Amino acid sequence: MQHTYFSIKIINIQVNTVGTDMANHIQGHGRHQVTLLPDALDDFVTEDNPVRVVDIFVDGLQLDSLGFRRVDAKRTGRPGYHPATLLKLYIYGYLNRIQSSRRLEKEAHRNVELMWLLERLTPDFKTIADFRKDNGEGIRNACRAFIGLCRQMQMFTDVVVAIDGSKFKAVNSKPNNFTSQKAKDHIERVEQSYYFLFKQAG
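Each step along the sequence shown adds one to the number in UniProt numbering, with nothing skipped, and position 159 is 159.
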């Protein structure tokens, strides 16, 4: 009987490590390394971070009296997000020029400040858009309340300007001077523009 033999040649492959000089640079932490500190999300948010102001401000509002819907959760059906949570997200987006509902959804997943502010909740873009659509009056009233808070903190002050007989260049044409009524009308137009802006952003 004739036997056939096969010869198997084992090839040792040596892999050269790329970038062996990286040890001389600042090293990061391993992606799979377990970290113990900081042990709280609060440690990532500094004491003077504006998100803390947003958190305290919204928690102090009477949302139902401002016109927000679904403040009291229904006893049946699937639980929804509290309006305070979505208002915090909305205000954060406004302060940081993040208007798109889809972008806000993405930021809630990756932004440490929003993780802290929303307590790791991640509403989807449709929930955010529906909140804007259903709570237009409440959002406008919340903005007025924020201005009122600024006045209480004396961030807005009455200023008396006194000048002598010197002449100064000025523009006092009819469209550029404001009476009390004109100022009120102007504020209303700004609020309407603001309302249109967040409707478009949804």
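For glycine and all other residues, C-beta sits at the position ideal for the given N, C-alpha and C. This one's a predicted model, so the numbers in the text were calculated from it and none came from an experiment.
Contacts around Y81, its chain only, beta-carbon distance under 6 Å, and the 5 residues preceding and following it disregarded: In the sequence shown, the residue the question calls residue 81 occupies position 81. The answer, listed in chain order, is P123.
Nearest to K88 (by Cα), restricted to the options R78, R75, F44, R120: The residue labelled residue 88 in the question sits at position 88 within the sequence shown. Cα-wise, what sits closest to K88 is R120.
Does the beta-carbon of P83 have 16 or more other beta-carbons within 10 angstroms, so that it is buried, or is it exposed? For the purposes of this step, residue 83 is taken as residue 83 along the sequence shown, with counting starting at 1. Under this definition P83 is a buried residue.
Would you decide whether N135 is buried or exposed? Buried here means 16 or more other CB atoms lie within 10 Å of its CB. Walking along the sequence shown from the start, residue 135 turns up at place 135. So N135 ends up on the buried side.
Alpha carbon to alpha carbon, how far is N141 from Y94? Give it in angstroms, no decimals. The residue labelled residue 94 in the question sits at position 94 within the sequence shown. The residue labelled residue 141 in the question sits at position 141 within the sequence shown. Going from the Cα of Y94 to the Cα of N141 covers about 15 Å.
Inter-residue CB distance, W116 and L41 (contact presumed, cutoff 8 Å): Here residue 116 refers to the residue found at position 116 when the sequence shown is read from its first residue. Here residue 41 refers to the residue found at position 41 when the sequence shown is read from its first residue. Their Cβ separation, rounded to whole angstroms, is 5 Å, which keeps W116 and L41 in contact under 8 Å.
Roughly how many whole angstroms lie between the Cα atoms of E107 and Q27? As a first step, residue 107 must be located in the sequence shown, where it is residue number 107. As a first step, residue 27 must be located in the sequence shown, where it is residue number 27. So the two alpha carbons sit approximately 27 Å from each other.
Can you give the Cα-Cα distance for S180 and R69, rounded to whole angstroms? The residue labelled residue 180 in the question sits at position 180 within the sequence shown. The residue labelled residue 69 in the question sits at position 69 within the sequence shown. Rounded to whole angstroms, S180 to R69 spans 34 Å at the Cα level.
Beta-carbon proximity of L149 to I128, cut-off 9 Å: Position 149 of the sequence shown, counting from 1, holds the residue named residue 149. Position 128 of the sequence shown, counting from 1, holds the residue named residue 128. No, these two residues do not count as a Cβ contact at 9 Å.
Backbone secondary structure at T179 - three-state DSSP: For the purposes of this step, residue 179 is taken as the residue at position 179 of the sequence shown. Of the three classes helix, strand and coil, the one that applies to T179 here is coil, per DSSP.
Are there 16 or more other CB atoms within 10 angstroms of the CB of F44, so buried, or fewer, so exposed? Position 44 of the sequence shown, counted from the first residue, corresponds to residue 44. With fewer than 16 other Cβ atoms within 10 Å, it is exposed.
Scan the UniProt domain "Transposase InsH N-terminal" (41–133) and note each continuous alpha helix (DSSP H) run of 4 residues or more that stays entirely inside, going in chain order. 50–59, 63–66, 83–95, 101–110, 112–117
Taking only the alpha-carbon atoms, compute the straight-line gap between E188 and K133 and give it to the nearest angstrom. Residue numbering aside, residue 188 sits at position 188 when the sequence shown is read from its first letter. Residue numbering aside, residue 133 sits at position 133 when the sequence shown is read from its first letter. C-alpha separation (whole angstroms): 20 Å.
From the DSSP output, in three-state form, read off I139 for me. Counting from 1 along the sequence shown, the entry for residue 139 is found at position 139. Assignment of I139 by DSSP, reduced to helix, strand and coil, places it in the helix class.
Test item: CB-CB of R151 and F125 under 9 Å: By one-based count along the sequence shown, residue 151 stands at place 151. By one-based count along the sequence shown, residue 125 stands at place 125. Cβ distance not < 9 Å, so R151 and F125 don't count as in contact.
Whether D64 touches D72 by CB criterion (9 Å): For this step, residue 64 is matched to residue 64 along the sequence shown. For this step, residue 72 is matched to residue 72 along the sequence shown. Result yes, Cβ atoms of D64 and D72 sit closer than 9 Å.
Is the distance from the Cβ of F57 to the Cβ of I91 below 9 Å? For the purposes of this step, residue 57 is taken as the residue at position 57 of the sequence shown. For the purposes of this step, residue 91 is taken as the residue at position 91 of the sequence shown. In contact: F57 and I91 (Cβ atoms closer than 9 Å).
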